Amino acid sequence: MILYVISVGLSVTMGLMGFINLAHGVFAMAGGFILSTAMARFGVPFPLALVAAFVLVSLGSIFLEKTLYSRLYARGELSQVLFCIGLILVSMAVARLIYGNLAAPVFLPDYLRGQVQVLGRDFPTYRVYLIFFSSIIILSLWIGVERTRWGAMVRAAVDNRGMAQSVGINTKRLFMITFALGSGLAGLGGALGADILPVQWGYPFEHLVYFLIVVAVGGLGSLRGPFVAALLIGIADTACKYWIPALGAFLVYAATIAILLWRPQGLFGVRT
Amino acid sequence: MSGYSADTRIRWTEWLPWVAAGAFFFLLPEYLSLGARILIFILFALSLDLILGYAGIITLGHSAFFGLGAYTAGIVSTQLAINEPFVQLAAAAAVAALLGVATGAVILRTRALTLLMLTLAITAILLEVANKATWLTGGADGLSGVKVDPILGFFRFDLYGKTAFLYCLIALFLGWWVVRRLIYSPFGAMLTGIRENTTRMHAIGAPVYWRLVLVYTISATIAGIAGALLTQTNQFVGLNVLGLEPSGDILVMLILGGVGRLYGAFIGPVVYLIAQDYLAKQYPEYWYFGIGTLLIAVVLFAPGGILGLMDKWLPFFKQKSSARASAR
Chain U
285 MILYVISVGL SVTMGLMGFI NLAHGVFAMA GGFILSTAMA RFGVPFPLAL
335 VAAFVLVSLG SIFLEKTLYS RLYARGELSQ VLFCIGLILV SMAVARLIYG
385 NLAAPVFLPD YLRGQVQVLG RDFPTYRVYL IFFSSIIILS LWIGVERTRW
435 GAMVRAAVDN RGMAQSVGIN TKRLFMITFA LGSGLAGLGG ALGADILPVQ
485 WGYPFEHLVY FLIVVAVGGL GSLRGPFVAA LLIGIADTAC KYWIPALGAF
535 LVYAATIAIL LWRPQGLFGV RT
Chain H
435 MSGYSADTRI RWTEWLPWVA AGAFFFLLPE YLSLGARILI FILFALSLDL
485 ILGYAGIITL GHSAFFGLGA YTAGIVSTQL AINEPFVQLA AAAAVAALLG
535 VATGAVILRT RALTLLMLTL AITAILLEVA NKATWLTGGA DGLSGVKVDP
585 ILGFFRFDLY GKTAFLYCLI ALFLGWWVVR RLIYSPFGAM LTGIRENTTR
635 MHAIGAPVYW RLVLVYTISA TIAGIAGALL TQTNQFVGLN VLGLEPSGDI
685 LVMLILGGVG RLYGAFIGPV VYLIAQDYLA KQYPEYWYFG IGTLLIAVVL
735 FAPGGILGLM DKWLPFFKQK SSARASAR
């Protein structure tokens, strides 16, 4: 589920905006660090820290978008990929300078610890909460993109930017907001998942492959795609590591290749 | 533009790298092992330049061939007990070529993000295999105990790395010669055409797909040889030859030097590896920070890399090299 929340943000930037944003993990890492810092240093309660992670990461990404990203929209994939690798390296160095080599500690509030009974079986409360919380995000995003004016504008701008601009949509500002939303979601995902995927300086590189797989398999430009893909990959990976540990992550990559060859545009992608 | 109409004779500036390598050998004997490493990565970068710079195939998985070559050379020695260096090289080249043609034939039908992901997934799979197949590859401990016989029965790999350096230099020279011939041939011109406008190449009847598969295989072969050289000079293979990181590193080196320029593949690894040797051990944070910033700067302001900047800033140099630099 965390994979999903993080990568749905990626789907927003990458899918909707057509920018190969490999640096997405950076925003997720930033979210995790903000959460940890806010709670450990300033004693901010957990929900507020989550909000802070979302807002701060969004603001940071607006700055980056204005200064750097917007120059690269029109450039080829290669420039975008390289730029992102550069950004990842810089962010890793900064994170390591500030936080050292250890993973950022996350202290969950008491009401999210312990076990909870669902259908007669025990589950860790936090995971249940995660699933519940992510479902709300998914629903609201889906409604946002499919049913609101903003969603319609984004979809119009992606399909035909020139046309969208000429009917009076400020595509520049729209893209900026969309980008901020995508990054903010990444930050939120990183913060939410900090307990399960420990946040440390190597984070953007380590999980990069997973985020990318989720988006590529799910298909660009759809919200449903990454959701299904994240579930598939998450379950397959866990099951595979549980039952046949000898194979490790092998099956996930093999499945990725198979799916991409079968449907190069991803499971729910729109053929461009 | 490279190829065809350009003057394909070797200009005097093109001898400079070889002169520099020779000077390095005599002047800095204590750095020869670093030198050999640089030569190997130049060869690797050259193979990447061939597909990325000329054919425009974007890949994050070129380390698959490099790593496969490295492991093949090592396994030929440890499992089959064949220690003849040329046999090891040939085996590595053959296996890498095989993987190149097999994966290339499948994945080159796709483009952009999908292609990127497929290349990444392939090298990730190889990494996973190398990690798990401990009996064959040594797993996370790496493959040690690789033995290499003296070259031609005479030249032993000595402690100071003299033989290794010259061996790599000769391999690089041959690799350079092959790549140079390729990009100045009609085949090279066709690759540039595919990079610039694929649809149009289809329209004039060029067998785009087969050309891409061919160049991908050639590039894989060269990368495999580079990997085998690394094994032979180190007599050890570690997991760090596979996966995303070496692919990213080599990409960064090539971009810093200048992509699609042939000699960008020479300058990038030299600058990158020397800087890494000095900085990375003492200040790893600053190293990442510096290389990341540099990469962003190059992408935003100097798409041609170091060589591109030289073209811009040295009018004299520009005069000499404008024919060779492929304008991107």
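Residue numbers (the working numbering), protein chains in the order written: chain U, 285 to 556; chain H, 435 to 762.
Where is the CB? At the ideal position from N, CA and C, for every residue including glycine.
Just so we're clear, the structure is a prediction, and the values are computed from it rather than from any experiment.
Check                                                                                                                                                                                            : Outcome
With a threshold of 6 Å, establish whether the CB of U:Tyr-353 neighbours any heavy atom of the ligand ATP.                                                                                      : Ligands in the displayed structure: none, and consequently the ligand ATP is not present.
Would H:Val-675 and H:Gly-469 be called neighbours here (beta carbons separated by less than 7 Å)?                                                                                               : no
Whole angstroms is fine: what's the gap from H:Pro-451's alpha carbon to H:Gly-702's?                                                                                                            : 12 Å
Between which two residues does the alpha helix (DSSP H) harbouring H:Ala-517 extend?                                                                                                            : The sequence shown places Asn at residue 517 of chain H, rather than the Ala named in the question. Premise fails: H:Asn-517 is in no alpha helix (DSSP H) and is neither H nor E.
Look at H:Ala-530 and H:Gly-658 and say whether their C-beta atoms are less than 7 Å apart.                                                                                                      : yes
Any C-beta of chain U within less than 7 Å: which residues of the segment 623 to 654 of chain H qualify?                                                                                         : none
Specify the secondary structure class of U:Ser-320 as computed by DSSP and reduced to three states.                                                                                              : helix
Can at least three beta-carbon pairs, one atom from the segment 310 to 322 of chain U and one from the segment 336 to 346 of chain U, be found at a separation below 8 Å?                        : yes
For the segment 662 to 690 of chain H, which residues have a CB atom closer than 8 Å to at least one CB atom of chain U, in sequence order?                                                      : Leu-678, Glu-679, Gly-682, Leu-685, Val-686 and Ile-689
What span of residues does the alpha helix (DSSP H) with U:Tyr-357 cover, start to end?                                                                                                          : Run containing U:Tyr-357: none; DSSP gives neither H nor E here.
Indicate the three-state DSSP secondary structure (helix, strand or coil) for H:Val-529 in the structure shown.                                                                                  : helix
Compare the C-beta of U:Ile-346 with all C-beta atoms of chain H and state if any pair is closer than 7 Å.                                                                                       : no
According to DSSP, which residues form a beta bridge with H:Phe-670?                                                                                                                             : H:Ser-578
Is it true that the segment 466 to 486 of chain H meets the segment 678 to 689 of chain H, where meeting means three or more beta-carbon pairs spaced less than 8 Å apart?                       : yes
Does the count of Cβ pairs from the segment 368 to 379 of chain U and the segment 719 to 730 of chain H closer than 8 Å reach three?                                                             : yes
What's the C-alpha gap between U:Glu-349 and H:Thr-727?                                                                                                                                          : 16 Å
Under 7 Å between beta-carbons, which chain U residues line up against H:Val-540? List them in chain order, please.                                                                              : Leu-545
Strictly below 9 Å CB to CB, what residues from chain H border U:Ser-467?                                                                                                                        : Neighbours of U:Ser-467 on chain H: none; closest Cβ ~17 Å, over 9 Å.
How long is the line joining the alpha carbons of U:Thr-462 and H:Thr-597, rounded to whole angstroms?                                                                                           : 57 Å
Give a yes or no on whether 7 Å exceeds the smallest Cβ distance from H:Tyr-722 to chain U.                                                                                                      : yes
Quick one: which chain U residues come within Cβ less than 8 Å of H:Thr-727?                                                                                                                     : Gly-370 and Val-374
Can you name, in chain order, every residue of its own chain whose Cβ lies under 7 Å from the Cβ of H:Asn-517, other than the five neighbours on each side?                                      : Ser-511, Lys-581, Val-582 and Asp-583
Based on Cα-Cα distance, which residue from U:Leu-352, U:Leu-535 and U:Ala-324 lies nearest to U:Ala-523?                                                                                        : U:Leu-535
Is the segment 549 to 567 of chain H in contact with the segment 487 to 499 of chain H, if contact means three or more CB pairs nearer than 8 Å?                                                 : yes
Can you grab the Cα-Cα spacing for the pair U:Tyr-537 / U:Trp-527, in whole Å?                                                                                                                   : 17 Å
With distances taken between CB atoms, is the gap from U:Val-498 to U:Pro-488 smaller than 7 Å?                                                                                                  : no
Pull up the CB-CB distance for U:Phe-330 and H:Val-733, whole angstroms please, since I reckon it's below 8 Å.                                                                                   : So it is not a contact: roughly 38 Å between Cβ atoms.
Would you tell me roughly how many angstroms separate the C-alpha atoms of H:Pro-579 and H:Asp-683, rounded to the nearest one?                                                                  : For the sequence presented, residue 579 of chain H should be read as Gly rather than Pro. In a straight line, the C-alpha of H:Gly-579 is about 27 Å away from that of H:Asp-683.
Do H:Arg-629 and H:Ala-489 have their CB atoms nearer than 7 Å?                                                                                                                                  : yes
Going straight from the alpha carbon of H:Asn-631 to that of U:Leu-425, what length do you get?                                                                                                  : 38 Å
Listed from N- to C-terminal order along the chain, which residues in the segment 423 to 440 of chain U have their beta-carbon within a distance smaller than 7 Å of any beta-carbon of chain H? : none
Put H:Ile-491 into one of helix, strand or coil per three-state DSSP.                                                                                                                            : coil
What residues of chain U sit near H:Val-510, judged by a beta carbon separation below 9 Å?                                                                                                       : Going along chain U, no residue has its Cβ under 9 Å from H:Val-510, so there is no contact; the nearest lies around 24 Å.
Using a C-beta cutoff of 7 Å, does H:Gly-742 count as contacting chain U?                                                                                                                        : no
Counting only beta-carbon separations shorter than 7 Å, does H:Thr-553 have a partner in chain U?                                                                                                : no
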